[in-house]
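There are 2 protein chains.
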Amino acid sequence: MKWTISNSLPISFDIVRSRNVLSLKELDIARKIIIIDHNVYELYKDNIPCDSTINILTINCTEATKGLDNAQLILNFFETKNILRRTEPVIAIGGGVLLDIVGFCCSIYRRGIPYIRIPTTLLSIIDASIGIKTSINHFDRRNRLGSFYPPLMSILDTALIKTQTAREISNGVAEILKLSIVVDETLFELLENNPKVVMEDKFQGDLADQIIDIAINSMISELNSNLWEQQLQRSVDFGHSFSPIIEMKNVCDMLHGEAVILDCLLSSCISFNRNLISQDTLYRIFNLIKSYNLPTYHADFYNIDLLNKALTDTMKHRDNNQFLPIPTSIGGCIIINDLTQDELLLSTITMRQLNNKI
Amino acid sequence: MKWTISNSLPISFDIVRSRNVLSLKELDIARKIIIIDHNVYELYKDNIPCDSTINILTINCTEATKGLDNAQLILNFFETKNILRRTEPVIAIGGGVLLDIVGFCCSIYRRGIPYIRIPTTLLSIIDASIGIKTSINHFDRRNRLGSFYPPLMSILDTALIKTQTAREISNGVAEILKLSIVVDETLFELLENNPKVVMEDKFQGDLADQIIDIAINSMISELNSNLWEQQLQRSVDFGHSFSPIIEMKNVCDMLHGEAVILDCLLSSCISFNRNLISQDTLYRIFNLIKSYNLPTYHADFYNIDLLNKALTDTMKHRDNNQFLPIPTSIGGCIIINDLTQDELLLSTITMRQLNNKI
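Heads up: the protein sequence lines correspond to chains A and B, in order. Residue numbers for the first sequence, in my numbering: 1 to 358. Residue numbers for the second sequence, in my numbering: 1001 to 1358.
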C-alpha cells in the first residue's frame, strides 16, 4: 500500500518604492500591529500616526541580539494582541536584522501569519527585502534557525537612509559591490565612477536611485528562480563563505557588509591566484572597496585555522560542498569546489600584499 | 518602480506501509540521525540496529512537554552532530507529539532539513503522518508555533500499535470516528459493526488494516488540495473547535482523541438541535463513541464560559470566523458560522441528557 501527497504552493509578492511610508497611509488595515526597531522609532516617531488602530512594539535589535529572546518578545506581542490569522498583517519596520526576526516569528506563529516589510537601511532595501528568507541566530551561528516565508509585500522608502551614518551606508554598499563584482559589470562601473557623489548625499539622488534599482534588478534575477535554494550553487553567496563565523566572532565591532566585503576580497585573491582574473581586475575590486570606505584588512582573514573552521561550517550548509563563488571577470563568476589549503594560504598572503602595496 | 517576486514550490511525498520498519533496512542513508520517543525506545531498542552509523536521541514527549524545551534539545542534537543540509534526513520515530516537534525542528534548522516520519501509534499513523503540519505548544496553547513542512516520506508499520494500551488505541480511533462521521459513511459502518474485533486484537488484523487504509484515503482526500490551509473551512476540523483549550487545560489526564471526540459529540448535538440530523443518527454517533470506550461526558464540555473562551480562541485561527463543522448525516457535514449562545447552551444540555438517557 502506498499513497502520494502532492501539491504546489504558489507565492507572489511585490516590492514597491514609496515616499513617506511611515505615515502608513497606503496600508488599508483596520488594526495595525507594528514591530519597529527601537532606534528607528526614536528617529521617526513623529512621522508614525498615533491612534487607537496602532499597536507598536519597539525592539532593540542588532546582530548580537538577533536571537530567541527577541523572537519570544515578538511572539508574546502577537499572543497578547490576539492577532488574527489572515487579515491583520504584521508591519515590520527596521533593518535586515529586524526584518529577519519578525519574518521568522510570523512564519511560525500559527504556522504563518502575513507580514509586510518596511526596510529602513540601504542594506535591507537591497538585500533582506528581496528574497523570502527569515532567520534568527542560534548556537552563536548566523541565521541557524529560519524559514523560507514570503512577505505580503516590501515597501522601500529610500529617504529613510539619510539618517544612517556613513559607516552604515557603506555597510549597505558592500552587498551592492558584491553583486556588481560577480554578476553586473554596469553596476560595478556606476559604483566605480561615483563613490563621492552617492556617499556625500547619503544615497538620496537620482544616481543613488539608479544604483539601488539596478542592484534590486540583479538581486531578483539571481534569486527568483531559486527562492527555496533547491540549487546550492549560488552567485549571491559570493562573500558569504568565510564571513559568517568571522562576523559572529566580531559581532560587536564588525558589520555584516564589512565581513562580506572582506570575504569578497579574499575570494577575489583566490581567483587571481588561479589566473582567472588579472592583477588589474583585482586592483579595481580592491580600489572600489576602499573608495566606499569599506575594510580591506582584518587579522581574522589571515588566520588560516579560523578560515578553515569557517569554510567547514559553511560547507555543512552547502551539503558538504565548498561551492565557493569566485569572480572570473568584473560581472562574471564560477563556483569552485576544489579549493586547497595551499591556495587558501597563498590567497591570504595576496590579500596582505594588496594592503601593503596599494 | 515596482518589482514582482513570483514562483511556486512543488512538494510531493509518499506514505508507505512497511513491516519491521525499526530495522531501518529500507533507509539507504550513510549516517542515521534518529530522534525517538523514550518509551518507544525502551520497548523496541532490541529491534533498532546499533552500529557506528546510528546516532540516537531519545526524547520524553507528551502533550505537556511538547514545547520549546524539547525543541531546543533536538536542535542542539542537530548542531552537535553537524548535520548536513540535504543528505542526512532526520528519522523521527514516535507518536504525533514527537513527529510534530521533530518536524518543526527540521523545518527551522538551517531553514529546513529533510526528515522521515515513522509513526508508532494508531493516532499518528492516520493523522500526524498524513499532512504537512509541524508544531509545538506555546503560551499554553496547542500548536501555537509551527510550520507547513512536508517530510521526505512517512513509513507506517501497524505492528507497532500492538504495544499500545487499549486507551491509547481508543485515542487513535477517535480521529477515525471523527472522519467517518463527517466524510465517510462506509468507514462509520465498518467501525460500527466491528468494535470488539478490532479492539481485541489491537488493530492487528485484516479488518483493522482495512479501516486504517480507508481512514488514510479519507484523510488524504480532505487534506491534499488544501495542504497549506488556504481554505479555512475544513471538514477535518470537526472535533477541533472547542477541544484545543479544554485539552490543554486537562493536559495531564485527557488524551487528544478524547478531547476531540467530546467536541464531535457536542457539535453533533448542535446539528441535532438544528434538525440537521435525526435523533437516531445522534444515538448512532453516541453509541459508536461508547463502543470504542471513548468518553461522552466531561464537566468542561458543560461549562459555557470555557466553551466560549475555547471557541473565541479557535476563531482567531479561523480569522474571526466560527467555521464550525457539524454533521448533516453520517458521512456528510456543513460548516456553520452563526452559532448562538442559546444554541450552544441547549446543546450542552442535549449532551447531558444523552448521557443520562442511554
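Beta carbons: idealized from backbone N, C-alpha and C, even for Gly. Owing to the predicted nature of the structure, the values given are computational and were not obtained by experimental measurement.
Run of the alpha helix (DSSP H) containing residue i, from where it starts to where it stops
| i | result |
| --- | --- |
| Tyr41(A) | 38-44 |
| Tyr283(A) | 279-291 |
| Lys178(A) | 166-183 |
| Cys1106(B) | 1096-1108 |
| Asn1137(B) | Taken as a continuous stretch (DSSP letters only), Asn1137(B) belongs to no alpha helix (DSSP H), being part of the beta strand (DSSP E) at 1133-1138. |
| Phe1078(B) | 1068-1080 |
| Ser124(A) | 122-126 |
| Pro195(A) | 195-200 |
| Leu223(A) | 206-223 |
Status (buried if at least 16 other CB within 10 Å, exposed otherwise) for residue i
| i | result |
| --- | --- |
| Ala1030(B) | exposed |
| Met254(A) | buried |
| Cys50(A) | exposed |
| Asp100(A) | buried |
| Ser6(A) | exposed |
| Asn193(A) | exposed |
| Asp1028(B) | exposed |
| Thr1312(B) | exposed |
| Thr1053(B) | exposed |
| Lys32(A) | buried |
| Ser1124(B) | buried |
| Asp37(A) | buried |
| Val1197(B) | exposed |
| Lys357(A) | exposed |
CA nearest to the CA of residue i, picked from the options
| i | options | result |
| --- | --- | --- |
| Gly1067(B) | Ala1310(B), Lys1081(B), Arg1141(B), Ile1054(B) | Arg1141(B) |
| Ile1126(B) | Leu1160(B), Gly1172(B), Gly1331(B) | Gly1172(B) |
| Glu1343(B) | Glu1026(B), Cys1269(B), Leu1354(B) | Cys1269(B) |
| Met1153(B) | Ile1132(B), Ala1159(B), Glu1168(B) | Ile1132(B) |
| Ile34(A) | Lys25(A), Tyr115(A), Trp3(A) | Tyr115(A) |
| Thr65(A) | Asn39(A), Ile220(A), Thr58(A), Asn137(A) | Asn137(A) |
| Asp1319(B) | Gly1205(B), Pro1150(B), Leu1232(B), Asn1082(B) | Leu1232(B) |
| His317(A) | Thr1087(B), Ile1054(B), Leu1043(B), Val1016(B) | Thr1087(B) |
| Gln262(A) | Lys249(A), His298(A), Asp280(A) | Reading off the sequence shown, one finds Leu at residue 262(A), where the question assumed Gln. Of the listed residues, the one whose Cα sits closest to Leu262(A) is His298(A). |
| Leu98(A) | Ala71(A), Arg85(A), Leu307(A), Ile246(A) | Ala71(A) |
| Lys81(A) | Thr62(A), Gly95(A), Ile93(A), Ile56(A) | Ile56(A) |
| Ser170(A) | Leu288(A), Lys2(A), Asn39(A) | Leu288(A) |
| Met1406(B) | Ile1277(B), Phe1139(B), Gly1096(B) | Lying before the first or after the last residue shown, residue 1406(B) is absent from chain B, which here runs from 1001 to 1358. |
| Gly332(A) | Gln204(A), Asp184(A), Phe286(A) | Asp184(A) |
| Tyr41(A) | Leu160(A), Leu156(A), Ser8(A) | Leu160(A) |
| Met1(A) | Ser1278(B), Phe1077(B), Arg1017(B), Glu1168(B) | Arg1017(B) |
| Asn1355(B) | Asn1308(B), Leu1294(B), Ala1310(B), Thr1314(B) | Leu1294(B) |
| Pro1151(B) | Asn308(A), Thr4(A), Thr314(A) | Thr4(A) |
| Ile155(A) | Ile216(A), Asn39(A), Cys252(A) | Ile216(A) |
| Ser1278(B) | Asp1206(B), Ser1012(B), Thr1328(B) | Thr1328(B) |
| Cys1252(B) | Lys1309(B), Cys1061(B), Ala1174(B), Leu1266(B) | Cys1061(B) |
| Ile59(A) | Phe77(A), Asp46(A), Asn47(A) | Phe77(A) |
| Leu282(A) | His240(A), Ser243(A), Pro10(A), Val182(A) | Val182(A) |
| Arg1352(B) | Tyr1292(B), Asp1280(B), Leu1266(B), Lys1309(B) | Leu1266(B) |
| Ile246(A) | Thr314(A), Tyr292(A), Lys290(A) | Thr314(A) |
Range of the contiguous beta strand (DSSP E) that encloses residue i
| i | result |
| --- | --- |
| Met153(A) | 153-156 |
| Asp1014(B) | 1002-1017 |
| Ile54(A) | 54-59 |
| Cys333(A) | 332-336 |
| Asn356(A) | No beta strand (DSSP E) holds Asn356(A); the alpha helix (DSSP H) holding it covers 341-357. |
| Thr1314(B) | Not the beta strand (DSSP E): Thr1314(B) falls in the alpha helix (DSSP H), residues 1304-1317. |
| Leu145(A) | 141-148 |
| Ile1116(B) | 1115-1119 |
| Thr65(A) | Unbroken run through Thr65(A): none, as it is neither H nor E. |
| Ser329(A) | 324-329 |
Quiz item: At a cut of 8 Å, does the stretch 1297-1312 of chain B reach the stretch 1204-1214 of chain B through at least three beta carbon pairs?
Solution: no
Self-check item: Cβ contact check for the stretch 1232-1247 of chain B and the stretch 1175-1184 of chain B: 3 or more pairs under 8 Å
Solution: yes
Quiz item: Any chance the stretch 1111-1118 of chain B sits against the stretch 141-150 of chain A, with 3 or more Cβ pairs inside 8 Å?
Solution: yes
Quiz item: Quick one: any contact between the stretch 1155-1169 of chain B and the stretch 1181-1191 of chain B, if contact means 3 or more CB pairs under 8 Å?
Solution: no
Exercise. Mind the definition here: the stretch 1314-1330 of chain B touches the stretch 1215-1227 of chain B only if three or more C-beta pairs lie below 8 Å; say whether that holds.
Key: no
Quiz item: Would the stretch 1089-1109 of chain B and the stretch 334-354 of chain A be scored as touching if the rule is three or more Cβ pairs under 8 Å?
Solution: Judged by pairs of C-beta atoms under 8 Å, the stretch 1089-1109 of chain B does not touch the stretch 334-354 of chain A, as fewer than three such pairs exist.
Quiz item: Are at least three pairs of beta-carbons, each pair with one atom in the stretch 331-342 of chain A and one in the stretch 1114-1123 of chain B, less than 8 Å apart?
Solution: no
Exercise. Counting only runs of 4+ residues fully inside the stretch 1244-1282 of chain B, write out the alpha helix (DSSP H) ranges in chain order.
Key: 1256-1273
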